[in-house]
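Read the structure below first, then the notes.
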Amino acid sequence: MSGFGGIGPPDQGDLVSYSPGGPLYARQQQSAVRSTFVALASTFVFFTILAWVVVHAPGWPQVQKSFFDGSLFVSSLPDIAAAFLVNVQLFLISEALILVLALVVAILRSVPGPVLYPVRLLATIYVDVFRAIPGVLVIYILGFGIPGLGLAGVPNDPFFYAVVALTLVYSAYVSEVYRAGIESVHPSQEAAARSLGLSRFQAMRFVILPQAIRRVVPPLLNDFIGLQKDTVLVSYIGVVEIFRQSQITEAANFNFTPYMATALVFLVFTIPLARLTDYLVSRDRASQAAGGFR
Amino acid sequence: MSLEERDLAPPEAGSPGGRPAIVIQQLRKSFGANEVLRGIDLTLEEHEVVCLIGASGSGKSTLLRCVNLLEEIDAGRILVEGEDITAPKVDVNRIRRRIGIVFQAFNLFPHMSVLDNVTLAPRKVLKMPSEQADAEATELLRRFGLADKRTEFPERLSGGQQQRVAIVRALAMQPDLLLLDEITSALDPELVAEVLNVIRELARAGMTMLIATHEMGFARDIASRVCFLDAGVILEQGTPDQIFNHPSEPRTQQFLQRIIEAGRL
Numbered sequence: 024m025s026g027f028g029g030i031g032p033p034d035q036g037d038l039v040s041y042s043p044g045g046p047l048y049a050r051q052q053q054s055a056v057r058s059t060f061v062a063l064a065s066t067f068v069f070f071t072i073l074a075w076v077v078v079h080a081p082g083w084p085q086v087q088k089s090f091f092d093g094s095l096f097v098s099s100l101p102d103i104a105a106a107f108l109v110n111v112q113l114f115l116i117s118e119a120l121i122l123v124l125a126l127v128v129a130i131l132r133s134v135p136g137p138v139l140y141p142v143r144l145l146a147t148i149y150v151d152v153f154r155a156i157p158g159v160l161v162i163y164i165l166g167f168g169i170p171g172l173g174l175a176g177v178p179n180d181p182f183f184y185a186v187v188a189l190t191l192v193y194s195a196y197v198s199e200v201y202r203a204g205i206e207s208v209h210p211s212q213e214a215a216a217r218s219l220g221l222s223r224f225q226a227m228r229f230v231i232l233p234q235a236i237r238r239v240v241p242p243l244l245n246d247f248i249g250l251q252k253d254t255v256l257v258s259y260i261g262v263v264e265i266f267r268q269s270q271i272t273e274a275a276n277f278n279f280t281p282y283m284a285t286a287l288v289f290l291v292f293t294i295p296l297a298r299l300t301d302y303l304v305s306r307d308r309a310s311q312a313a314g315g316f317r
Numbered sequence: 114m115s116l117e118e119r120d121l122a123p124p125e126a127g128s129p130g131g132r133p134a135i136v137i138q139q140l141r142k143s144f145g146a147n148e149v150l151r152g153i154d155l156t157l158e159e160h161e162v163v164c165l166i167g168a169s170g171s172g173k174s175t176l177l178r179c180v181n182l183l184e185e186i187d188a189g190r191i192l193v194e195g196e197d198i199t200a201p202k203v204d205v206n207r208i209r210r211r212i213g214i215v216f217q218a219f220n221l222f223p224h225m226s227v228l229d230n231v232t233l234a235p236r237k238v239l240k241m242p243s244e245q246a247d248a249e250a251t252e253l254l255r256r257f258g259l260a261d262k263r264t265e266f267p268e269r270l271s272g273g274q275q276q277r278v279a280i281v282r283a284l285a286m287q288p289d290l291l292l293l294d295e296i297t298s299a300l301d302p303e304l305v306a307e308v309l310n311v312i313r314e315l316a317r318a319g320m321t322m323l324i325a326t327h328e329m330g331f332a333r334d335i336a337s338r339v340c341f342l343d344a345g346v347i348l349e350q351g352t353p354d355q356i357f358n359h360p361s362e363p364r365t366q367q368f369l370q371r372i373i374e375a376g377r378l
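Written out as structure tokens, the structure is:
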């Protein structure tokens, strides 16, 4: 029992004492409990101090009145939550379109051969342009510019342009994510598929993409967290979604509390997605460490 | 011709009147300034097993990849049963169906079960119904001692099992010709035999094979002809007895001497 008094991994001699119920196992359990306790205590102390500093700030009474009005918070929440449904629609429709458009762009950028050079060039220009321009500008330019042309048959609905703008901006990013995934699949996989007589398209469809997409799920989700939040940008072209709604409520009451309600709604919807992303990343890492397929 | 029919056919090399399985004429291939193949001439009769030996970098793998059209050739011709597969407008997908290749690193599809690895090409390329593809693949897997691995994923198999699955995957397309690219080089020594035994069985069954290998003992056993590649040309070829026991070229003698000193022969 050489390691009995020590902390850390047991050596051979401790196998018996390390089994559940054994003294060393109990010791390690104890130490885990202790570090959890220390973490909780230090977090509590930190936030207590922070809260104390904030509520003793000279402007706190004013801020409290204009940001933390309990009754306004409660009364504005139903309208704000209802407006959030517009964001959810924007998010879901755009996301579906982005998944498809980005994949097409990524594949076009990955096709070799001199014949398809113009296609690759166009795809590259698209990705560069829409990653360079701030999303809010794209929303403005499309949302005001295209209906402004007064062409017959062109829709006037700002929601439509909101979806188009978000799709164009985010597809540029997501196509890069896909492309990184496609390029991470070793060329020997394509060689193996082609050697069996599969066409280039079949090799992409059945061998390369399934592996590529599996690898890029975490970064894809990450981009979608960004998209979920960026849906508020379309308020600028007159779509009444959650942010526009909170502005309306704010203006009616001369009080910022509706923004806090909006922030809360986003917290509730975004944090689970962020946790899921982190979980998938760590699971991937674990499976790689275990020699699972890359 | 299916493998079963091939079993019945006498594995007799170069049946009179039959077209050669493969004719390679003045094949050249460069990677940038590096000319890897510098005029290869080689003919394989049906049911013949030809082993390519030579140092690393002598062009063995490149030659196999050219025959499978995985590399574009710079000059020369390759005829498979009389058809020029290096002609400009040839359908490479159709040619590759007839020529199976097994790689050093197995290259199994990691996201598919063993069965799906084997049936993918028959289903998608030959448009074979799934039930038929599954049944034929299961039969092949059984024949090579892999019946119980059907539903496993490649990462769960040993190297030897993975390589046998890769061989079965190539065989499922019922190729006329099998190219083997140093298929035991990535294996632990104790797993080499199980893979080589599979190849011996295929040779007995009459499969035409072009084999790049470092396993000299295996080449001596199995080959109807051995070719020694050196610096992109076939320097010397002949029966295993000629090449291993009475090599005429000094370069061949040198190469074999090094192999013997390394304890590999």
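Which chain is which? The protein sequence lines are X and Y, in order. Heads up, the first sequence is in the numbering used here, so the first residue is 24 and it goes up one at a time. Heads up, the second sequence is in the numbering used here, so the first residue is 114 and it goes up one at a time. Ideal placement from N, C-alpha and C gives every residue a C-beta, glycine not left out. Computed from a predicted structure; not experimentally measured.
Assignment of residue 203(Y) by DSSP, reduced to helix, strand and coil, places it in the coil class. Residue 166(X) sits in a helix when the DSSP states are folded into three classes.
Interface criterion not met: the Cβ of residue 135(X) is under 9 Å from no Cβ in chain Y. When DSSP assignments are scanned along the region 192-270 of chain Y, the uninterrupted stretches of alpha helix (DSSP H) that are 4 or more residues long and fall wholly within it turn out to be 205-211, 227-237 and 243-256. For the alpha helix (DSSP H) assignment, the uninterrupted runs of no fewer than 4 residues enclosed by the region 309-365 of chain Y are, from N- to C-terminal side, 329-335 and 353-358. Here the C-alpha atom of residue 300(X) lies approximately 59 Å from the C-alpha atom of residue 365(Y). Contact annotation: in the region 216-236 of chain X, residues whose CB is within less than 8 Å of a CB in chain Y are 216, 217, 218, 219, 220, 221, 222, 225, 229, 230, 233 and 234. Listed in chain order, the non-local C-beta contacts of residue 316(Y) below 7 Å within the same chain comprise 162, 322 and 335, local neighbours out to five positions each way being set aside. Under the DSSP definition of a beta bridge, residue 188(Y) partners with 141(Y).
Here residue 282(X) has 269 and 273 as same chain residues with Cβ atoms under 7 Å from its own Cβ, once five neighbours each way along the sequence are excluded. The alpha-carbon separation between residue 262(Y) and residue 371(Y) amounts to approximately 40 Å.
In the DSSP assignment, residue 164(Y) forms a beta bridge with 324(Y) and 339(Y). Between the alpha carbons of residue 264(Y) and residue 295(X) lies a distance of about 34 Å. Shown here, residue 273(X) sits in a helix according to DSSP, grouped into three states.
The beta carbon of residue 214(X) sits closer than 9 Å to some beta carbon of chain Y.
Among the CB atoms of chain X, one or more fall inside 9 Å of the CB of residue 221(Y).
Sequence-ordered contacts of the region 232-244 of chain Y with chain X read 233, 234, 237 and 238 [C-beta pairs closer than 7 Å]. Residues of chain Y with a Cβ closer than 7 Å to the Cβ of residue 211(X) are, in chain order, 216, 218 and 220. Proximity of residue 207(Y) to chain X, defined by a Cβ-Cβ separation below 9 Å, is satisfied. Chain X has no Cβ within less than 9 Å of the Cβ of residue 141(Y). Pairing residue 156(Y) with residue 355(Y), the inter-Cα distance amounts to about 18 Å. When the beta-carbon positions are compared, residue 85(X) and residue 78(X) stay at least 9 Å from each other. Across the set 285(X), 278(X) and 259(X), the C-alpha of 259(X) shows the shortest separation from the C-alpha of residue 160(X). Neighbours of residue 210(Y) across chain X, judged by C-beta separation under 7 Å: 220.
The region 201-209 of chain X and the region 231-248 of chain X touch, with no fewer than 3 CB-CB distances between them shorter than 8 Å.
Inclusion of residue 325(Y) and residue 165(Y) in the CB contact set at 9 Å is warranted, their separation being smaller than that value. Flagged as an interface residue toward chain X: residue 282(Y), by a C-beta distance shorter than 9 Å.
As the crow flies, the alpha-carbon of residue 298(Y) is around 50 Å from that of residue 293(X).
Residue 183(Y) reaches chain X at 214, 217 and 218, counting residues in chain order whose Cβ is nearer than 9 Å.
It is roughly 48 Å from the alpha-carbon of residue 246(X) to the alpha-carbon of residue 303(Y). Burial check for residue 179(X): the Cβ neighbour count within 10 Å stays below 16, so the residue is exposed.
Per DSSP, reduced to three states, the secondary structure at residue 158(Y) is coil, with no helix or strand assignment. Taking a beta-carbon distance threshold of 9 Å, residue 286(Y) counts as an interface residue toward chain X.
Secondary structure at residue 118(X): helix, using DSSP grouped into helix, strand and coil. Between the C-alpha atoms of residue 203(Y) and residue 212(X) there is a straight-line separation of about 23 Å. Near chain X, meaning a CB-to-CB distance below 8 Å, no residue of the region 352-366 of chain Y qualifies.
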